[in-house]
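In this note's numbering, the protein residues as written are 6 to 586.
Encoded as structure tokens, the structure appears first; notes follow it.
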Amino acid sequence: MSLPNRAALERHLPILQWSRGYTRDTLTSDVVAAVIVTIMLIPQSLAYALLAGLPAEMGLYASILPLVAYAIFGTSRALAVGPVAVISLMTAAAIANLGITDPAQYAAAAITLAFLSGAILTVMGVFRLGFLANFLSHPVIAGFITASGILIATSQLKHILGIEAQGHTLPELVTSLWAHLPETNLYTLAIGVAATAFLFWVRKGFKPLLLKTGMKPRLADILAKAGPVLAVAVTTLVVFGFGLGERGVDIVGTVPQGLPPLTAPRLDLDLIAQLFVPALMISIIGFVESVSVAQTLAAKKRQRIVPDQELVGLGTSNIAASITGGYPVTGGFARSVVNFDAGAETPAAGAYTAVGILVAALLLTPLLFFLPTATLAATIIVAVLSLVDFSILRHAWGYSRVDFAAVSATILLTLGFGVEVGVAAGVALSIALHLYKTSRPHVAEVGRVPGTEHFRNILRHEVETHPAVVTLRVDESLYFANAAFLQDYVYDRVVKDKDVRHVVLMFSAVNEVDLSALESLEAINRRLADMDIRLHLSEVKGPVMDRLKRSHFLDDLSGKVFLSQHDAMRALAPKKPRAAE
Numbered sequence: 006m007s008l009p010n011r012a013a014l015e016r017h018l019p020i021l022q023w024s025r026g027y028t029r030d031t032l033t034s035d036v037v038a039a040v041i042v043t044i045m046l047i048p049q050s051l052a053y054a055l056l057a058g059l060p061a062e063m064g065l066y067a068s069i070l071p072l073v074a075y076a077i078f079g080t081s082r083a084l085a086v087g088p089v090a091v092i093s094l095m096t097a098a099a100i101a102n103l104g105i106t107d108p109a110q111y112a113a114a115a116i117t118l119a120f121l122s123g124a125i126l127t128v129m130g131v132f133r134l135g136f137l138a139n140f141l142s143h144p145v146i147a148g149f150i151t152a153s154g155i156l157i158a159t160s161q162l163k164h165i166l167g168i169e170a171q172g173h174t175l176p177e178l179v180t181s182l183w184a185h186l187p188e189t190n191l192y193t194l195a196i197g198v199a200a201t202a203f204l205f206w207v208r209k210g211f212k213p214l215l216l217k218t219g220m221k222p223r224l225a226d227i228l229a230k231a232g233p234v235l236a237v238a239v240t241t242l243v244v245f246g247f248g249l250g251e252r253g254v255d256i257v258g259t260v261p262q263g264l265p266p267l268t269a270p271r272l273d274l275d276l277i278a279q280l281f282v283p284a285l286m287i288s289i290i291g292f293v294e295s296v297s298v299a300q301t302l303a304a305k306k307r308q309r310i311v312p313d314q315e316l317v318g319l320g321t322s323n324i325a326a327s328i329t330g331g332y333p334v335t336g337g338f339a340r341s342v343v344n345f346d347a348g349a350e351t352p353a354a355g356a357y358t359a360v361g362i363l364v365a366a367l368l369l370t371p372l373l374f375f376l377p378t379a380t381l382a383a384t385i386i387v388a389v390l391s392l393v394d395f396s397i398l399r400h401a402w403g404y405s406r407v408d409f410a411a412v413s414a415t416i417l418l419t420l421g422f423g424v425e426v427g428v429a430a431g432v433a434l435s436i437a438l439h440l441y442k443t444s445r446p447h448v449a450e451v452g453r454v455p456g457t458e459h460f461r462n463i464l465r466h467e468v469e470t471h472p473a474v475v476t477l478r479v480d481e482s483l484y485f486a487n488a489a490f491l492q493d494y495v496y497d498r499v500v501k502d503k504d505v506r507h508v509v510l511m512f513s514a515v516n517e518v519d520l521s522a523l524e525s526l527e528a529i530n531r532r533l534a535d536m537d538i539r540l541h542l543s544e545v546k547g548p549v550m551d552r553l554k555r556s557h558f559l560d561d562l563s564g565k566v567f568l569s570q571h572d573a574m575r576a577l578a579p580k581k582p583r584a585a586e
């Protein structure tokens with residue numbers, strides 16, 4: 006195979022890159038990481054399926070073939086793909102809107118949702134559309150995840166209390182929980198509170214305790230990560246031994262034993278139309294969450310990921326989930342950090358994790374019959390509360406009140422109206438925030454720093470200006486949203502100043518001028534000419550100049566285009582300038 010063809014193939018199949026240098030030491034590191042992640046993933050996959058309103062086994066199915074698909078097509082060496090809390094909650098919300106009551110149809114809808122999400126991600130990757138995820142700003146994403154964590158934790162309190170409660174918003178959940186509070190099952194409450202307390206303690210206190218006994222750090226780390234499995238085992242034995250299932254404690258019940266089934270999405274146009282927008286939202290949120298953690302972990306080892314190929318990796322993972330009885334998946338933050346810390350060297354660690362989950366699906370599912378749902382709820386609560394981060398509000402308030410308003414609105418809308426409204430609001434707010442900020446670009450009148458060729462804002466520095474020359478530095482690309490603003494700014498500056506004979510627009514920060522902005526520049530040129538004022542440009546970047554040359558603007562320009570602002574001032578104001586007041 007020729008080198009260009011091989012390079013193209015490796016770009017689309019990253020497994021061909023990292024597998025070339027695969028050694029026995031790499032294998033050992035990946036297997037150890039896989040063991041730790043498998044121990045962590047088994048209870049999590051069961052719990053997140055419960056959160057999505059699906060049978061527990063679908064969580065296991067979503068943790069097998071999708072991991073293998075990502076190992077083949079993904080570019081991150083440490084990302085751990087599988088069911089995650091936020092996507093599980095979004096899955097539940099999306100299918101709840103369909104009004105489905107039959108469990109089989111509910112599961113089929115989740116499978117279809119995974120397929121749609123996979124198809125959307127794969128198409129975005131093939132056409133290099135990863136930039137679309139940039140329309141979700143980080144503060145808005147942080148606000149959405151914080152609100153989702155609160156919703157998820159609140160939604161699981163019904164399992165801790167052993168009561169019925171409905172709702173997809175915080176007011177609905179709180180109202181329903183309060184109404185059913187007298188029905189609390191004390192046995193379930195005892196199990197749920199004990200499991201939650203234990204899991205919180207395991208996160209901070211178990212490993213130090215093991216280290217004090219003289220245990221090796223790696224073994225202590227594995228046993229600490231096994232905390233949820235220990236909680237599952239102990240509470241299952243307690244329910245079985247004391248017959249608590251007959252005393253109202255909800256249990257998982259029969260979990261099918263065996264290989265994941267071969268399934269197919271329902272290609273029903275009405276169902277696809279109803280699920281397409283939720284699938285798009287799930288795809289974008291999943292991609293943003295996944296890529297952010299993948300980039301963070303890659304940077305620690307001076308590695309890099311390819312965002313567009315990550316779309317393909319996540320897309321094929323979701324398609325794999327849809328054909329093996331799973332539901333939408335993405336890269337999980339906590340799991341990926343554990344995978345990284347455990348020493349994963351390549352995506353093969355995910356494939357080995359899939360083998361571990363497969364063994365659990367084949368051999369361990371009969372042992373889950375008496376597993377109380379309260380323990381799974383405790384697993385979810387402990388996991389998602391780490392997502393809740395109100396510090397973003399403090400940081401946003403101190404840095405930008407506009408960002409603070411966007412974060413606050415996203416949190417309140419998600420809590421008050423549900424995750425779908427929260428995601429849609431997040432996208433809308435991110436775009437609106439960008440348009441607002443760029444629609445009123447910073448424009449500074451500048452003058453020359455004495456004795457230099459540098460030009461700075463007259464309001465911030467002691468600079469020299471000339472009464473006949475006004476130089477305005479435009480600190481933003483010009484496009485339809487801010488074109489009129491620049492017109493008004495220029496007119497307001499010169500209309501009352503009878504001494505002005507030249508206006509120079511300093512374009513050092515302008516990277517783009519669209520057609521609307523070009524028309525505004527033409528209007529500025531004509532109107533200034535009517536005032537007997539010449540319009541000039543300086544420090545125009547090459548790509549911008551290339552675009553302007555395609556129009557008649559430069560031919561009609563009343564002034565000149567100068568290479569530098571220093572050249573402009575030397576030509577237009579040869580006499581000694583005055584100090585700016």
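A virtual CB, placed ideally from N, CA and C, is assigned to each residue, including glycine.
Quick one: what's got a C-beta closer than 7 Å to Gly135's C-beta in the same chain, skipping five residues either side? Within the sequence shown, residue 135 is the residue found at index 130, counting from 1. So the qualifying residues of the chain are Met129, Pro312, Asp313 and Leu316.
Could you check what DSSP says for Ala236 in three-state terms: helix, strand or coil? Locating residue 236 in the sequence shown gives position 231, counting from the first residue. DSSP places Ala236 in helix when its eight states are reduced to three.
Between the alpha carbons of Ala39 and Gly421, how many angstroms are there, rounded? Locating residue 39 in the sequence shown gives position 34, where the first residue counts as 1. Locating residue 421 in the sequence shown gives position 416, where the first residue counts as 1. When rounded, the distance between both Cα atoms is 39 Å.
Where do the ends of the alpha helix (DSSP H) carrying Ala550 lie? Looking up residue 550 in the sequence shown gives position 545. According to the sequence as given, residue 550 is Met; it is not Ala. Residues Gly547 to Lys554.
Just how far apart, CA to CA, sit Ser93 and Asp394? If you number the sequence shown from 1, residue 93 lands on position 88. If you number the sequence shown from 1, residue 394 lands on position 389. Their backbone Cα atoms lie some 20 Å apart in a straight line.
For Ala356, write down the residues that DSSP places opposite it in a beta bridge. In the sequence shown, the residue the question calls residue 356 occupies position 351. None; Ala356 has no bridge partner.
How long is the line joining the alpha carbons of Ala104 and Gly547, rounded to whole angstroms? One-based indexing of the sequence shown puts residue 104 at position 99. One-based indexing of the sequence shown puts residue 547 at position 542. Checking the displayed sequence, the identity of residue 104 turns out to be Gly instead of Ala. For Gly104 and Gly547, the distance between alpha carbons rounds to 57 Å.
Leu434 versus Tyr404, Val412 and Gly452, residue with shortest Cα-Cα distance: The count along the sequence shown starts at 1 and reaches residue 434 at position 429. Leu434 has its Cα closest to that of Val412, out of Tyr404, Val412 and Gly452.
Three CB pairs or more closer than 8 Å across the segment 227–242 and the segment 45–56: yes
C-beta contact flag for His499 and Met536 at 9 Å: As a working note, residue 499 is residue 494 in the sequence shown. As a working note, residue 536 is residue 531 in the sequence shown. Before going further, note that residue 499 is Val rather than His in the sequence given. Yes, the pair counts as a contact, with Cβ atoms nearer than the cut-off.
Going by DSSP, which residues form a beta bridge with Gly87? Here residue 87 corresponds to residue number 82 of the sequence shown, with the count starting at 1. Beta-bridge pairing links Gly87 to Thr335.
Euclidean distance between Cα positions of Ser327 and Val260: Here the question's residue 327 lines up with position 322 in the sequence shown. Here the question's residue 260 lines up with position 255 in the sequence shown. So the alpha carbons of these two residues sit roughly 19 Å apart.
Span of the alpha helix (DSSP H) around Leu162: Here residue 162 refers to the residue found at position 157 when the sequence shown is read from its first residue. Note, Leu162: alpha helix (DSSP H), Leu162 to Leu166.
How many angstroms separate the CA atom of Leu166 from the CA atom of Val244? Here residue 166 corresponds to residue number 161 of the sequence shown, with the count starting at 1. Here residue 244 corresponds to residue number 239 of the sequence shown, with the count starting at 1. Each residue's Cα considered, the two are about 16 Å apart.
Between the beta-carbon of Leu65 and the beta-carbon of Thr96, is there less than 9 Å? On the sequence shown, residue 65 is found 60 positions in, with the first residue counted as 1. On the sequence shown, residue 96 is found 91 positions in, with the first residue counted as 1. Result no, Cβ atoms of Leu65 and Thr96 do not sit closer than 9 Å.
Runs of 4 residues minimum, wholly inside the segment 411–451: which ones carry the alpha helix (DSSP H) assignment? 424–444
Quick check on DSSP: helix, strand or coil for Val5? Given a span of 6 to 586 for the chain in the structure shown, any question on residue 5 remains unanswerable.
Residue range of the alpha helix (DSSP H) that includes Phe120: Numbered from its first residue, the sequence shown carries residue 120 at position 115. Taken as a continuous stretch (DSSP letters only), the alpha helix (DSSP H) holding Phe120 covers Pro108 to Val131.
Would His571 pass as a contact of Phe460 if the rule is Cβ separation under 9 Å? Taking the sequence shown and counting its residues from 1, the one referred to as residue 571 is at position 566. Taking the sequence shown and counting its residues from 1, the one referred to as residue 460 is at position 455. Yes. Within cutoff.
Between which two residues does the beta strand (DSSP E) carrying Ser142 extend? In the sequence shown, counting from the first residue as 1, residue 142 sits at position 137. That residue, Ser142, is in no beta strand (DSSP E); it is neither H nor E in DSSP.
Report the rounded CA-to-CA distance for Asn487 versus Pro222, giving the unit in angstroms. Position 482 of the sequence shown, counted from the start, is the residue given in the question as residue 487. Position 217 of the sequence shown, counted from the start, is the residue given in the question as residue 222. Rounded to the nearest angstrom, the two C-alpha atoms are 58 Å apart.
Pop quiz: Val89 and Tyr53 are said to be a contact at Cβ under 8 Å. What is the actual Cβ separation, rounded to whole angstroms? Along the sequence shown, read from residue 1 onward, the residue named residue 89 stands at position 84. Along the sequence shown, read from residue 1 onward, the residue named residue 53 stands at position 48. About 7 Å separates the two Cβ atoms, so the contact holds.
Beta-carbon of Leu520 versus every beta-carbon of chain D: anything under 9 Å? Absent here is chain D; the protein component of the structure consists of one chain.
Looking only at its own chain, which residues have a Cβ that is under 8 Å from the Cβ of Ile155, when we skip the five neighbours before and after it? What you label residue 155 is simply residue 150 of the sequence shown in a count that begins at 1. Only Leu175, Val393 and Leu420 meet the Cβ criterion.
State yes or no: is the C-beta of Val566 within less than 9 Å of the C-beta of Val334? The sequence position of residue 566 within the sequence shown is 561, counting from 1. The sequence position of residue 334 within the sequence shown is 329, counting from 1. The answer is no: Cβ separation not under 9 Å.
Going by CA-CA distance only, name the one from Leu577, Thr351, Asp255 and Leu368 that's closest to Glu23. On the sequence shown, residue 23 is found 18 positions in, with the first residue counted as 1. The sequence shown places Trp at residue 23, rather than the Glu named in the question. That would be Thr351, whose Cα lies nearest to the Cα of Trp23.
One question on the structure: do Ser160 and Gly172 come within less than 9 Å of each other, judged by their Cβ atoms? By 1-based counting over the sequence shown, the position of residue 160 is 155. By 1-based counting over the sequence shown, the position of residue 172 is 167. Yes, they are a contact pair.
Do you know whose CA, among Gly452, Lys503, Met511 and Tyr496, lies nearest Glu481's CA? Position 476 of the sequence shown, counted from the start, is the residue given in the question as residue 481. Closest by alpha carbon: Met511.
Can you tell which of His164, Leu214, Ala225 and Met220 has its C-alpha closest to the C-alpha of Ala200? Indexing the sequence shown from 1 puts residue 200 at position 195. The shortest C-alpha separation from Ala200 is found at His164.
Have a look at Ser295 and Glu544 and give me their C-alpha separation to the nearest angstrom. In the sequence shown, counting from the first residue as 1, residue 295 sits at position 290. In the sequence shown, counting from the first residue as 1, residue 544 sits at position 539. The alpha-carbon atoms of Ser295 and Glu544 are separated by roughly 40 Å.
Hey, would you say Ala449 sits closer than 9 Å to Leu577, going by beta carbons? Counting from 1 along the sequence shown, the entry for residue 449 is found at position 444. Counting from 1 along the sequence shown, the entry for residue 577 is found at position 572. No.
Start-to-end residues for the alpha helix (DSSP H) that takes in Pro400: Along the sequence shown, read from residue 1 onward, the residue named residue 400 stands at position 395. Residue identity check: residue 400 is His in the sequence provided, not Pro. Unbroken alpha helix (DSSP H) run through His400: Ser396 to Tyr404.
Can you list, in chain order, the stretches of the beta strand (DSSP E) that have 3 or more residues and sit fully within the segment 35–88? none
Starting from Thr28 and walking both ways along the alpha helix (DSSP H), at which residues does that stretch end? On the sequence shown, residue 28 is found 23 positions in, with the first residue counted as 1. No alpha helix (DSSP H) contains Thr28, which DSSP labels as neither H nor E.
What whole-angstrom Cβ distance do Phe120 and Ile289 have, given they're in contact under 8 Å? For the purposes of this step, residue 120 is taken as residue 115 along the sequence shown, with counting starting at 1. For the purposes of this step, residue 289 is taken as residue 284 along the sequence shown, with counting starting at 1. Going by Cβ atoms, the distance from Phe120 to Ile289 rounds to 17 Å, so no, they are not a contact pair.
Which residues DSSP lists as bridging Leu319, in chain order: Counting from one through the sequence shown, the residue named residue 319 turns up at place 314. BP columns for Leu319 are empty, so no partner.
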